[in-house]
Every structure is written in structure tokens, then in C-alpha cells.
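Okay, so here's the structure we're looking at.
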Amino acid sequence: GHAAKATLDQATLPPRGTKLEISLALGKIGGAGFSLGGTLSLGWRLGKLVGLEIRGGGGVTEKRTGTHGPYLHGEVLLPLRFGICNQHPRVCPGLDFYIAAIPGAGYGFFDGNHAINGLIGVSLESVRTRGKLDAGVHASGFMYIDFLRDGGKKEPWIAWTMLELGIVLRWGKN
């Protein structure tokens with residue numbers, strides 16, 4: 002019974018306290034077509050499951066339907082992170098897997114339009130512990146929704162989706 006309980010406790014351990022993510026971002030912004038950019042994110046764990054994350058990014062979109070050029074965005078996120086598997090020798094040797102649901106709010110600027118956005122995302126992370134640092138990779142998907150339809154015109158920001166692939170570094174207390 003003790004070994005099973007220890008394994009279960011291990012599997013629900015929260016990730017380390019501080020996280021840095023650097024990502025390549027591929028997306029689609031409204032009628033502007035595909036976008037290519039990057040994001041940088043810094044996060045802190047507030048409780049066993051919930052965290053706080055501040056992130057920003059930018060990039061360019063292809064030229065289509067007269068809407069094109071650079072975009073910039075910044076967000077505050079509250080990720081809910083669940084440990085799927087923590088270094089179980091047979092199942093995931095030396096790796097921790099996490100899945101996260103990520104609600105948040107942000108501000109975006111694109112082609113003269115700017116918007117306050119609500120967003121929801123989902124993320125999968127795989128990290129390996131190396132001494133005082135965890136290093137790994139993540140894949141995330143986000144959908145941004147512009148709640149304030151300004152001026153009645155169609156906002157290109159309304160249907161913004163993004164896929165991010167990047168690296169994760171974690172440090173600090175468990």
C-alpha cells in the first residue's frame with residue numbers, strides 16, 4: 002500500500018515554482034491569413050494546481066485581403082496545470098508530463114486595430130529534471146476572442162488562433 006500511495010503522491014506533485022517559456026508561434030488572424038511569430042512567457046505557481054503567467058509576443062502575417070503586417074500582444078494567464086505522469090520508471094522514465102487549461106485576458110495590436118481579448122488555451126508539457134532546473138518542451142494551442150467589437154466594423158482580431166511550440170525551463174521550490 003505504501004508504494005502505491007507514494008507513487009500517487011509523486012504524480013500529483015506541483016511543478017517547480019517559476020517557469021520561463023520561449024516559443025515559436027504559428028497562427029491565423031482573421032482575414033489576414035497565416036501568422037508567424039514568437040512568444041515569451043514568465044510564470045509563477047500560486048497553489049498546487051493554479052499559476053500566474055505574464056506573456057507577450059509578436060510577429061508578422063501574410064498579405065491577404067488588405068490586412069497585413071506586424072502584430073503584437075500581451076496577456077495575463079491563470080493556467081490550471083495537472084501532472085499526468087511524474088518520472089514513473091516504467092511509464093515515463095525521467096520525464097514529467099503536464100497538461101494545462103489556460104484561461105486569460107490580453108491586449109493585442111494588429112494593422113491599426115487594437116483589442117482587449119479573452120483567450121483560452123490548452124498546453125502539453127514534457128520536462129526532465131536536471132538538478133535544480135527542469136528543462137523540456139511544450140505544445141500549446143490558443144484561441145483569442147475580441148469581446149469589444151469596436152466601431153461595428155469586422156475586427157480581424159476576432160478569430161485569432163495560435164499554435165505554439167517551444168522550450169520550458171522551471172526552477173525554484175516544488
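Just so it is clear: in the sequence shown, position 113 is 114 by our numbering, and no numbers are missing. For every residue, glycine included, the Cβ atom is placed at its ideal position computed from N, Cα and C. Nothing here was measured: the structure is a model prediction, and the numbers come from that model.
Contact under 9 Å by Cβ, residue i with residue j
i	j	result
Leu25	Gly34	no
Lys80	Ala102	Before going further, note that residue 80 is Pro rather than Lys in the sequence given. Yes.
Gly52	Arg82	yes
Gly60	Trp172	no
Gly44	Leu73	no
Residue i classed as buried or exposed, judged by whether at least 16 other C-beta atoms fall within 10 angstroms
i	result
Leu37	exposed
Ile146	exposed
Glu22	buried
Inter-residue Cα distance where the pair is residue i and residue j
i	j	result
Phe143	Gly122	4 Å
Lys49	Ile100	14 Å
Gly119	Phe110	14 Å
Val138	Arg46	18 Å
Ser124	Ala140	6 Å
Asp112	Lys29	14 Å
Gly105	Lys133	29 Å
Cys86	Asn114	42 Å
Pro71	Lys174	38 Å
Integer Cβ distance of residue i from residue j, believed to fall under 8 Å
i	j	result
Leu164	Val128	Rounded, the Cβ-Cβ distance is 20 Å, inconsistent with contact.
Leu170	Ala136	6 Å
Gly57	Gly75	4 Å
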